[in-house]
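Protein sequences, first through last, are from chains A and B.
When we follow the UniProt record's numbering, the leftmost residue of the first sequence carries the number 1, and every step to the right adds one.
When we follow the UniProt record's numbering, the leftmost residue of the second sequence carries the number 1, and every step to the right adds one.
Beta carbons are placed, not taken as given, at the ideal position from N, Cα and C, and that holds for glycine.
Every value quoted in this text rests on a predicted model; they were computed, and no experiment measured them.
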Amino acid sequence: MTANTLVSSKLVCVALNDKSQLAALEGTFNEAPYKKPPTQPVLYYKPRNTWNVDGAEVEWAKDFDGNDAPAMAVGASLGVVIGQETCRVSQAEALEYVRGYTIVCDFSLPEESYFRPDIKGKCLDTSAPVGPEIVPADTIDNPDALTVTVFVNGERKNVFPLANMQRSVAELISKISWIMTLQPGEVIAVGFAGERVPVAKGDRVEATIEGVGTLTNTLGGA
Amino acid sequence: MRHARIIFEGRELDIDIDASDRITTTDGQELNVALDSADITWLPPVKEPGTIFALGLNYADHATELAFEPPKEPLVFIKHANTLTGHKQVSYRPDNIEFQHYECELVAVIGKRGKNIKREDAMDYVAGYTVCNDFAIRDYLENYYRPNLRVKSRDSLLPMGPWIVDRDDVADVNNLRLTTEVNGKITQDGSTRDMIFDIPFLVEYLSKIMTLNPGDMIATGTPHGMVDMQPGDTVVCTIEDICSLETRIVSEKEYYGDKY
Chain A
1 MTANTLVSSK LVCVALNDKS QLAALEGTFN EAPYKKPPTQ PVLYYKPRNT WNVDGAEVEW
61 AKDFDGNDAP AMAVGASLGV VIGQETCRVS QAEALEYVRG YTIVCDFSLP EESYFRPDIK
121 GKCLDTSAPV GPEIVPADTI DNPDALTVTV FVNGERKNVF PLANMQRSVA ELISKISWIM
181 TLQPGEVIAV GFAGERVPVA KGDRVEATIE GVGTLTNTLG GA
Chain B
1 MRHARIIFEG RELDIDIDAS DRITTTDGQE LNVALDSADI TWLPPVKEPG TIFALGLNYA
61 DHATELAFEP PKEPLVFIKH ANTLTGHKQV SYRPDNIEFQ HYECELVAVI GKRGKNIKRE
121 DAMDYVAGYT VCNDFAIRDY LENYYRPNLR VKSRDSLLPM GPWIVDRDDV ADVNNLRLTT
181 EVNGKITQDG STRDMIFDIP FLVEYLSKIM TLNPGDMIAT GTPHGMVDMQ PGDTVVCTIE
241 DICSLETRIV SEKEYYGDKY
């Protein structure tokens, strides 16, 4: 964990929130082991050892024998920063609980299955940069109208308009707050493009949201 | 020695408890109160809780009961401090569900930072042990990151404590009787010797993936014997030589009060 992380106590990420990804996987999700598509937001945590900051290096993953992992991937999301205790709030009032917005990158091993919690793929040290700052909530009119763009070594690799999310920012805050009480400073990464971007050792990754900023990190291992 | 966190006479205190049940604050003040006194409010025993790792299907018999093959690799999921509550506190049963069960588990509390820890060194990184009750709401299971957060990350559904026992005070952590009583009747009776992946294995495994930090916890899974819980039930999870953890179940409405 980096001492100056912007995250306080919890970073909740939402997987499978890209409509086109859900549509593409519908056949798969009707088969074993899933049996039916998800009826609720699909959530995972990036625990504190993963938290990292703008400008920092992201470690290249190792396999269980200590060798460099063959591949890694990155997704980027709008990060919603909670401003006050958020317990069982409605969708209509949910955005009132937001202090501000930031960007979350999720570096991981390529994901092959959504059946079990992906501890090996997602809990890598330094793999969750958050930043570059928290912009105040009142500077963003409509968070669902933002677009997240990922560049690798200056080349645009992925564009994700949040209008393509299956569930909106407000709906997610509400639904999560009915599972767990959220505290000030906790962050929700509300959705990633279904296609994660492959990265290589030494790559420079920039994730940009207009009005929120650009989060820049470099992969280690080079 | 045992270590706990309590509220007593309006003060939040870190306490040590010796073999004669004498309670001393970490400032050296002796408290003239019995361990079972109603004047003590028990808090979760880890002062600055970090990442909570929990194991699914880590007892051969429980894995069979749930109709799964025993896993070849640990099934690990993560929980956070919102789920924690203390001994003799309440946990809630959500409205309109069919099946909520307890899971009595041995918890290893990490005391030292480490990565790539070898199995033979693993116990150097364990400060001590406590007991938790890792409740599950089976109605909410979905086959995505199963067991999903809606099942396992709810407020109050991870009672823990009452205390942490120092590692060296437990002779053989791999051979402890583990029991759960619901309203005074034993419903779960197992032994930590039936754990599939033991604590040294789990410390090595997790630390190959990530850095472990002081305050992280590993809840090591539960044996067979699941029964449904209802508001008004009292459940006591006991692990021999560690502690007994008592929890009263309340309704969702009673738990959330004004926020219901």
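Round the Cβ separation of residue i and residue j to the nearest angstrom and send it over; I've been treating them as touching at under 8 Å.
i             : j         : result
Val-182/B     : Val-227/B : 6 Å
Ile-249/B     : Ser-20/B  : Actually they do not touch by this definition, with Cβ atoms about 33 Å apart.
Tyr-145/B     : Arg-116/A : 7 Å
Gly-220/A     : Glu-26/A  : Contact flag wrong, Cβ pair sits at about 37 Å.
Ala-54/B      : Lys-72/B  : About 19 Å separates the two Cβ atoms, so there is no contact after all.
Gly-221/B     : Tyr-59/B  : 6 Å
Val-187/A     : Val-42/A  : Actually they do not touch by this definition, with Cβ atoms about 17 Å apart.
Pro-143/A     : Asn-217/A : The pair is not a contact, with the Cβ atoms about 23 Å apart (cut-off 8 Å).
residue 282/B : Gly-215/B : This structure cannot speak to residue 282/B, because chain B is shown only from 1 to 260.
Leu-176/B     : Asp-241/B : 6 Å
Compare the C-beta of residue i against all C-beta atoms of chain A and say whether one is closer than 8 Å.
i         : result
Ile-209/B : yes
Val-109/B : no
Ala-81/B  : yes
Leu-55/B  : no
Arg-150/B : yes
Arg-5/B   : no
Val-126/B : no
Arg-146/B : yes
Lys-118/B : no
Ile-196/B : no
Ser-153/B : yes
Ile-78/B  : yes
Asn-143/B : yes
From this set, the options, which residue's C-alpha is nearest residue i's C-alpha?
i         : options                                       : result
Gly-111/B : Val-165/B, Asn-148/B, Ser-153/B and Asp-124/B : Asp-124/B
Ser-9/A   : Leu-22/A, Lys-36/A and Pro-47/A               : Pro-47/A
Pro-200/B : Pro-162/B, Asp-168/B, Asn-143/B and Ala-108/B : Ala-108/B
Ala-61/A  : Ile-209/B, Gly-225/B and Ser-251/B            : Ile-209/B
Asn-17/A  : Ile-209/A, Ala-189/A, Thr-214/A and Ile-140/A : Ala-189/A
Gly-66/A  : Pro-214/B, Asp-95/B, Met-160/B and Lys-118/B  : Lys-118/B
Ala-4/B   : Arg-113/B, Val-131/B and Tyr-59/B             : Val-131/B
Gly-225/B : Thr-179/B, Thr-83/B, Leu-245/B and Pro-49/B   : Thr-179/B
Glu-12/B  : Ser-37/B, Asn-175/B, Lys-47/B and Val-235/B   : Lys-47/B
Lys-115/B : Glu-112/A, Cys-123/A and Glu-186/A            : Cys-123/A
Gly-202/A : Ala-222/A, Thr-126/A, Val-187/A and Pro-184/A : Ala-222/A
Asn-143/B : Trp-178/A, Ala-23/A and Gln-40/A              : Gln-40/A
Asp-121/B : Val-203/B, Ile-7/B and Pro-223/B              : Val-203/B
Gly-154/A : Glu-59/A, Pro-110/A and Thr-208/A             : Thr-208/A
Met-57/B  : Thr-24/B, Asp-36/B and Ala-136/B              : The question names Met, but residue 57/B is Leu in the sequence shown. It is Ala-136/B whose Cα lies nearest to the Cα of Leu-57/B.
Thr-181/A : Val-150/A, Arg-156/A, Glu-85/A and Asp-141/A  : Glu-85/A
In the structure shown, what three-state DSSP assignment does residue i receive?
i         : result
Ala-189/A : strand
Ile-82/A  : strand
Arg-93/B  : strand
Glu-93/A  : coil
Leu-146/A : coil
Tyr-260/B : coil
Met-123/B : helix
Asp-36/B  : coil
Lys-201/A : coil
Glu-195/A : coil
Asn-143/B : coil
Thr-51/B  : coil
Ser-244/B : strand
Gln-166/A : coil
Tyr-205/B : helix
Val-151/B : helix
Asp-216/B : coil
At least one CB of chain B closer than 8 Å to the CB of residue i: is that the case?
i         : result
Asn-49/A  : yes
Tyr-97/A  : no
Leu-43/A  : yes
Ile-82/A  : no
Lys-125/A : Reading off the sequence shown, one finds Asp at residue 125/A, where the question assumed Lys. Judged by the 8 Å Cβ criterion, Asp-125/A is in contact with chain B.
Lys-120/A : yes
Lys-35/A  : yes
Met-180/A : yes
Take residue i and list the residues in its own chain whose beta-carbon comes closer than 7 Å to its own, dropping the five residues that flank it on each side.
i         : result
Ser-20/A  : Asn-164 and Gly-194
Pro-132/A : Asp-54, Gly-213, Thr-214 and Leu-215
Within the same chain, show all residues whose beta-carbon is closer than 6 Å to that of residue i, passing over the 5 residues directly before and after it, in chain order.
i         : result
Phe-29/A  : Pro-37
Thr-85/B  : Ser-156 and Pro-159
Thr-147/A : Pro-161
Val-236/B : Glu-181, Ser-244 and Glu-246
Arg-113/B : Asn-213
Lys-88/B  : Trp-42 and Glu-246
For residue i, which residues of its own chain have a beta-carbon under 8 Å away from its beta-carbon, when the five flanking residues on both sides are left out?
i         : result
Val-135/A : Gly-100, Tyr-101, Thr-102, Gly-211, Val-212 and Gly-213
Thr-211/B : Arg-113, Gly-114 and Lys-115
Ile-6/B   : Glu-12, Leu-13, Ile-15, Ile-40, Thr-41, Trp-42 and Leu-43
Ser-251/B : Tyr-92, Arg-93, Asp-95 and Pro-231
Near-chain C residues of the segment 176-191 of chain B - C-beta to any C-beta below 9 Å
Within the model displayed, chain C is absent; protein chains A and B are what it includes.
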